[in-house]
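Notes follow the structure.
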Amino acid sequence: MTKITTILLAWLFIAPSIAGDFKIAAILDKTGPTSDVCLSYLQGIGDYLSYTGGRCGNNKISLISGDYQYIVPKSLQLFRKFVESSEVLAVIGWGTGDSILLSSLAESSEVLFVPASFADSLVSPCRKFTFNPFSTYNEEFKVLLQYIAADSERKSRKAKVAIVYHESGFGRSPLDQGRHLARKLGIGIVAEIPQSSLITDAEDIFNQLIDKKPDYVIIQDTLQRAALDLRDGKKVLPDAQFLGTYYTLDNRIFDVAGAAAEGFISVSPFQCWDYDSGEIRLMHDFVKTRKSPESMQMQYIQGWIVARSICDALKKAGPSPTRLKLRDAYESLTAYNTNGASGSVSFSPANHKGSRTLMLYRAGVKDRKFAPAGDWVTIPE
């Protein structure tokens with residue numbers, strides 16, 4: 029036996045075997061109206077899998093993705109194409125309208141589905157194959173409205189709130205719950221105004237609110253339009269406090285909104301990119317190998333943690349994972365520790381809502397960053 033043969037045999041003996049070659053499919057908006065935040069999400073997913081070297085335990089895992097451009101029929105076509113392959117064990121989705129339909133297809137295809145949408149209807153009632161690792165838009169609205177109620181009580185007056193939302197299933201998703209909770213909290217919702225993906229100026233939207241005189245404006249939209257809302261809305265309503273749900277929380281908002289972003293409040297299930305936690309430090313170190321960490325956004329953290337959770341579930345699924353085994357393994361993630369990137373995530377067969385924590389952040393123009401505006405808020409079941 030030659031020396032080289034001996035070395036090769038020794039390496040084969042000690043090296044972990046590859047049990048299988050599997051794929052995660054992602055159906056995302058790479059070039060459509062929400063691509064401003066979706067591309068960071070995709071980068072986080074891809075980077076986590078690159079960080080692991082494409083390995084989840086003894087299984088090899090790779091990412092395939094398709095651009096549905098926020099057009100629902102395209103998302104359905106991509107889903108059917110991807111799940112035809114038995115190598116695809118999980119699908120990551122994006123928007124609310126498409127995810128509601130894809131969730132039904134996930135049930136019939138028996139494939140793990142993790143949408144980026146936080147719409148409550150995706151997980152309430154619980155669906156067998158759809159999981160939301162983080163708090164829902166309804167819960168984000170709840171935290172924002174509770175903040176408004178407490179703030180207006182300090183000012184000794186009843187709060188008047190206007191809501192500006194994206195004209196889509198995503199934008200409309202929390203409105204019913206928001207109205208219900210506002211009534212319970214004694215908050216008056218004085219206007220609900222939809223806005224198109226195509227707007228380049230938001231001043232006309234806020235001119236509709238002059239006579240309503242809202243004390244607070246909640247934005248349920250993504251970065252691009254939220255920045256316009258701040259820039260133009262503050263011209264019309266300089267004394268109103270502006271707040272936003274998760275997809276408005278992005279440091280690039282300062283590029284468009286400028287000084288109007290000062291004091292803007294947003295809510296997130298994640299620690300900020302600048303927070304010094306173990307997992308976020310890991311992301312920083314990984315990103316440094318290719319680009320500046322300062323260019324990354326909150327959705328990068330979201331994508332990284334989603335990919336991490338699927339990978340960890342794949343390890344639990346054993347050496348010969350199937351779609352059903354992966355679903356069961358994901359369902360068994362209890363008190364799942366994200367190493368400081370978010371609150372812990374817990375699932376069960378009866379509950380596919382994961383994290384129960386949210387944090388408010390306030391924008392500071394001087395350092396162009398969002399800083400915590402309090403402690404973690406725990407959302408009761």
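Mind the numbering: the sequence shown is residues 29 to 409 in our numbering, read in order. Think of the CB as a built atom: it goes at the ideal place given N, C-alpha and C, for glycine as much as any other residue.
When the five nearest sequence neighbours on each side are left out, the beta carbons in the same chain lying within less than 7 Å of the beta carbon of serine 103 are those of Ile55, Tyr96, Asp126, Leu130, in order along the chain. Excluding residues up to 5 positions away in sequence, Ile176, Ala187, Val189, Ala268, Gln269, Leu271 lie with their Cβ nearer than 7 Å to the Cβ of tyrosine 244 in the same chain.
In the same chain as glutamate 290, and ignoring 5 residues on each side of it, the C-beta atoms closer than 6 Å to its own belong to Val393, in chain order. For threonine 124, the uninterrupted alpha helix (DSSP H) segment begins and ends at 124-137.
With respect to leucine 251, isoleucine 215 sits apart: the two C-beta atoms are not nearer than 8 Å. Residue pairing by DSSP places aspartate 49 opposite Lys88 in a beta bridge. For arginine 384, the three-state secondary structure derived from DSSP is coil. Burial is judged here by how many other beta carbons sit within 10 angstroms of a residue's own beta carbon; lysine 319 has fewer than 16 and is exposed. Per DSSP, the beta-bridge partners of isoleucine 120 are Ala54, Val142.
Beta-carbon to beta-carbon, phenylalanine 375 and glycine 368 are separated by about 20 Å, too far to satisfy the 8 Å threshold. Non-local beta-carbon contacts of threonine 406 in its own chain, meaning distances under 6 Å to residues more than five positions away in sequence, involve Arg384, Thr385 in chain order. When the Cα atoms are used, tryptophan 122 and leucine 226 turn out to be separated by approximately 19 Å.
Cysteine 66 has its alpha-carbon roughly 25 Å from the corresponding atom of glutamate 220. At the C-beta level, histidine 194 and aspartate 260 stay beyond 8 Å of one another. In this structure, Ile246 is the residue among Leu150, Ala118, Ile333, Ile246 with its C-alpha nearest to the C-alpha of alanine 210.
Counting other Cβ atoms within 10 Å of its Cβ, isoleucine 238 stays below 16 and is therefore classed as exposed.
Where phenylalanine 270 is concerned, the enclosing beta strand (DSSP E) starts and stops at 269-272. The residue from Arg396, Leu342, Val373, Trp404 with its alpha-carbon nearest to that of valine 116 is Leu342. Beyond the five residues adjoining it in sequence on each side, isoleucine 191 comes within less than 6 Å, by CB distance, of Glu220, Ile246 in the same chain, given in chain order.
Short of 6 Å from the beta carbon of serine 137, and not among the five residues preceding or following it, lie these beta carbons of its own chain, in chain order: Val111. Spanning the alpha carbons of arginine 351 and leucine 361 requires a straight line of approximately 16 Å. Distances from the alpha-carbon of aspartate 278 to those of Phe298, Ser78, Ile120 put Phe298 closest.
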